[in-house]
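Visitor:
Numbering (my numbering), first residue to last: 2 to 405.
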């Protein structure tokens, strides 16, 4: 399954931790507007996740959530084509999260780079909350509950996608066995011999209980090298190790695509963003003020000094918003110093404003149609609930919590 497979279920989301910036549009929202016509797409406003990690008050998250919904609609996300919804409006997601939490080792969460970075950024008097620790699992629960097959995300999210896959494998490992699966696996372990069998069990335990990837690789290497097992027995023990058996939860694929975050416009929370950032609803004057303050190629100390567009932070913006003809003029003018940095910035201001003006106008119109927007979100949440209920019913059945 891949992002080019139009039958693939696609799941993506954003935390409403501030007003959307130009980088969000280029790296996420514009991609959504394209992918929605090629996939069974689910886009969520991850308000529970924002509450877990941002430090914002709940009423602020609600305001940012509505603003994000309006911005998404203004940018072209079509609720008749894609399912756009607010995370907390689908309460079954928290049930799935709880079930998955029961099989996820704490060590798996603690090893994630994003968690370590968040903890390192906390003040000494603050401690990491349980919600912060569990935020990646909440994200995984969203993807797995919605049966996501493709997750478009930047390279910094690769570890989260692999974590989601590990959670799915572990759940399948525990609850997806055919009758007699474990008995046959135990017989295969016995065939390894006393020493190899003991090592396999130790590494199996270290991987399943502590998330020790080195133990996983050692156990897999032992199975590949042994001559005491036939192919079927090797595959059974490999499945025993990595979560084989009946697939209850699928493993989503990470898709990075071709779009990278804009230099100088990385996705940051509102709290961490610069005061002069370009937001999707920024007016021309604010756009101009921000662009004029942006650094350029350090080689262009004087007007007559030639530059290299590839070394200029503005160039990634030009590649995204400036038409090819004007972009060529900027590139050639920079290299031969026939134009100055102010000329380059003036061109960029024109094209960024041209791109954001219709978005700004549509957002302003939607602000006056709150009832209509709320109805869209209610309908989106109901569609998402239908999907998540099916997943939740199956999870409750396989773990034995149906209460029938």
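The beta carbon of each residue, even a glycine, is placed where N, CA and C say it ideally should be. Owing to the predicted nature of the structure, the values given are computational and were not obtained by experimental measurement.
Between which two residues does the beta strand (DSSP E) holding residue 307 run?
Guide: No beta strand (DSSP E) holds residue 307; DSSP gives it neither H nor E.
Visitor: Quick one: measure Cβ to Cβ for residue 250 and residue 145, integer angstroms, because I've assumed they're closer than 8 Å.
Guide: Sure, about 5 Å apart at Cβ, within 8 Å.
Visitor: Shortest alpha-carbon distance to residue 157 belongs to which of 255, 166 and 236?
Guide: The residue with the shortest Cα to Cα distance from residue 157 is 255.
Visitor: In the DSSP assignment, what residue or residues form a beta bridge with residue 24?
Guide: Partner(s): none; residue 24 has no beta bridge.
Visitor: On the three-state DSSP scale, how would you describe residue 334?
Guide: Three-state result, residue 334: helix.
Visitor: Buried or exposed for residue 38, going by 16 or more other Cβ atoms inside 10 Å?
Guide: It counts as exposed.
Visitor: Under 7 Å Cβ to Cβ from residue 89, same chain only, skipping five residues before and after it: list those, please.
Guide: Excluding positions up to five away in sequence, the list reads 48 and 49.
Visitor: Taking residue 80 and residue 295 to be in contact with their CB atoms under 8 Å, please state how far apart those CB atoms are, rounded to whole angstroms.
Guide: No, residue 80 and residue 295 are not in contact; Cβ-Cβ is about 35 Å, not under 8 Å.
Visitor: Based on Cα-Cα distance, which residue from 93, 207 and 159 lies nearest to residue 384?
Guide: Taking only the C-alpha atoms, the option nearest residue 384 is 93.
Visitor: Check the C-beta distance from residue 221 over to residue 193 and give it rounded, since I have them as a contact under 8 Å.
Guide: At roughly 13 Å, the Cβ-Cβ gap does not stay under 8 Å, so residue 221 and residue 193 are not in contact.
Visitor: For my contact list, residue 151 and residue 40 are in at a C-beta cut-off of 8 Å; report their separation, rounded to the angstrom.
Guide: The Cβ separation is near 7 Å, so the contact holds.
Visitor: If you measure from the CB of residue 211, is any heavy atom of the ligand GDP nearer than 7 Å?
Guide: Because no ligand of any kind appears in the structure shown, any question about the ligand GDP cannot be addressed here.
Visitor: With respect to the beta strand (DSSP E) encompassing residue 14, which residues constitute its N-terminal and C-terminal limits?
Guide: That run of the beta strand (DSSP E) goes 10-15.
Visitor: For residue 84, write down the residues that DSSP places opposite it in a beta bridge.
Guide: According to DSSP, residue 84 bridges with 43.
Visitor: Quick check on this structure: which residue in 213, 252 and 137 has the alpha carbon closest to the alpha carbon of residue 51?
Guide: Answer by Cα proximity: 137.
Visitor: Looking at the strands, I want to know which residues DSSP matches up with residue 153.
Guide: In DSSP, residue 153 forms a bridge with 256.
Visitor: Run through the DSSP bridge pairs and tell me what residue 164 is partnered with.
Guide: According to DSSP, residue 164 bridges with nothing at all.
Visitor: What are the boundary residues of the alpha helix (DSSP H) that includes residue 197?
Guide: Counting along the chain, the alpha helix (DSSP H) containing residue 197 begins and ends at 195-211.
Visitor: Determine, using beta carbons only, whether residue 307 and residue 337 come nearer to each other than 8 Å.
Guide: Yes; because the gap between Cβ atoms is below 8 Å, this pair is in contact.
Visitor: Do you know how far the Cα of residue 25 is from the Cα of residue 112?
Guide: Taking the straight line from one Cα to the other gives about 27 Å.
Visitor: Quick one, which of 98, 44 and 23 has its alpha-carbon nearest residue 406's?
Guide: Past the boundaries of the shown model lies residue 406; the chain is included only from 2 to 405, so the question cannot be answered.
Visitor: Where does the unbroken alpha helix (DSSP H) through residue 218 begin, and where does it stop?
Guide: Residues 214-226.
Visitor: Leaving out five residues before and five after residue 69 in sequence, what residues of the same chain have Cβ atoms less than 7 Å from its Cβ?
Guide: 15, 17, 21 and 46.
Visitor: Quick one: measure Cβ to Cβ for residue 1 and residue 342, integer angstroms, because I've assumed they're closer than 8 Å.
Guide: Because residue 1 is not part of the residues shown, which for the chain are 2 to 405, the question remains open.
Visitor: List the endpoints of the continuous alpha helix (DSSP H) containing residue 185.
Guide: Note, residue 185: alpha helix (DSSP H), 182-192.
Visitor: Under 8 Å by Cβ, that's how I've got residue 281 and residue 350 pegged, so tell me the actual separation to the nearest angstrom.
Guide: Their Cβ separation, rounded to whole angstroms, is 16 Å, which puts residue 281 and residue 350 out of contact at 8 Å.
Visitor: Just to confirm the assignment, what range does the alpha helix (DSSP H) spanning residue 240 have?
Guide: Looking at the DSSP string, the run of the alpha helix (DSSP H) that includes residue 240 is 232-243.
Visitor: So which of 190, 67, 386 and 335 has the shortest CA-CA distance to residue 304?
Guide: Checking every option, the nearest Cα to that of residue 304 belongs to 335.
Visitor: Look at the Cβ atom of residue 133, then the Cβ atom of residue 9, and state whether they are nearer than 8 Å.
Guide: Against a cut-off of 8 Å, the Cβ pair of residue 9 and residue 133 comes out as no contact.
Visitor: Can you say whether residue 346 is buried or exposed, counting buried as having 16 or more other CB atoms within 10 angstroms of its CB?
Guide: Buried, since its Cβ has 16 or more Cβ neighbours within 10 Å.
Visitor: Following the continuous alpha helix (DSSP H) through residue 288, name the residue where it begins and the one where it ends.
Guide: 285-294 is the extent of the alpha helix (DSSP H) around residue 288.
Visitor: Would the beta-carbon of residue 31 fall within 8 Å of that of residue 73?
Guide: Taking 8 Å as the Cβ cut-off, residue 31 and residue 73 do not qualify as a contacting pair.
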